[in-house]
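The numbering of the sequence shown is the UniProt record's numbering, which starts it at 1 and goes up by one. Have a look at the structure below, then the notes.
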Amino acid sequence: MDSRSTAPGGPARRSYHHGDLRVALREAAERILVERGAAEVSLREVARAVGVSHAAPYRHYASREALLADIAAGGFDRLRAVFAALPERPDAAARFVSMARAYVEFAVAQPAIYRLMLGPEVRKADHPVLAEAGHRVLDTLRRALLALGVPAPATDEAMAAWGFAHGLAQLLVDGRLETDPAVDIPLDLERLVERSARIYVAGLAAA
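Listed below in structure tokens is the structure:
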């Protein structure tokens, strides 16, 4: 909820309830990120987009990096929600393959968010909210591998699985693989991801 106020001789500004402003700032920053890139995201620019004073964002975010960390954490939470929404599969291997496909499709559909989540723009070690969101995704992968029979705790295997999916996703996001100009994704994306995931699962079984 917001209202507008106008200082004498100044532009109209919006006033927000405390929680609403944080959401508005994050949404505006994400729009700038997607449309113009991470380099264009600043607290001043976000304040301008939302229609509040330049000082207002600092009530919620100590720095530009803290704002970007919040967006990246939201990306990890969205990815985990994508995994949770996948249809039930007849066996653990099929479940893992569907997760790999969903991961790659998420990256291709949201390249700016994906690059922020896993790029050098924000250090996870400096932002617990981001580190925790990443760990929740890792734990989802770890549990999928435990279901495949990988010995507990399966943390190393989960990190390796993430690396496999990330490598393929990054090639696609960066346009390093041949694409269909009509849809801008590889013609055989589903087959490529499924084959890669099944090779990975077969390697786990042989280890």
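The C-beta atom is built at its ideal place from N, Cα and C for all residues, glycine as well. Being a predicted model, the structure only gives us computed values, none of them experimental.
- C-alpha of V97 to C-alpha of G149: approximately 15 Å in a straight line.
- Relative to P128, the option among P153, D70 and D139 whose CA is nearest is D70.
- Scanning its chain for C-beta atoms nearer than 8 Å, with the 5 sequence neighbours on each side dropped, one finds around L145 the residues F96, A154, E157, A158, A161 and L204, in chain order.
- DSSP, read as helix, strand or coil, puts P90 in coil.
- The Cβ atoms of G75 and R26 lie no closer than 9 Å to each other.
- At a cut-off of 3 residues, not a single continuous stretch assigned as beta strand (DSSP E) sits fully inside the region 17-83.
- In this structure, A197 sits away from L130, with a CB-CB distance that is not shorter than 9 Å.
- Contact between L189 and E121 is absent: CB atoms are separated by about 26 Å, not below the 8 Å threshold.
- Here the C-alpha atom of L141 lies approximately 16 Å from the C-alpha atom of M117.
- Within the same chain, V108 come within 6 Å of L172 by CB-CB distance, once the 5 residues on both sides are set aside.
- In this structure, A112 is the residue among A112, V46, A38 and P87 with its C-alpha nearest to the C-alpha of Q170.
- Exclusion of the five residues before and after A28 leaves V46, A49 and V50 as the residues of its chain whose Cβ lies within less than 6 Å of its Cβ.
- Contact between H60 and L21 is confirmed by a C-beta separation of about 7 Å, below the 8 Å threshold.
- Around the beta carbon of Y58, fewer than 16 other beta carbons sit within 10 angstroms, so the residue counts as exposed.
- Put simply, the backbone Cα of L177 is about 18 Å away from that of A102.
- Counting along the chain, the unbroken alpha helix (DSSP H) around L192 starts and ends at L189 to A206.
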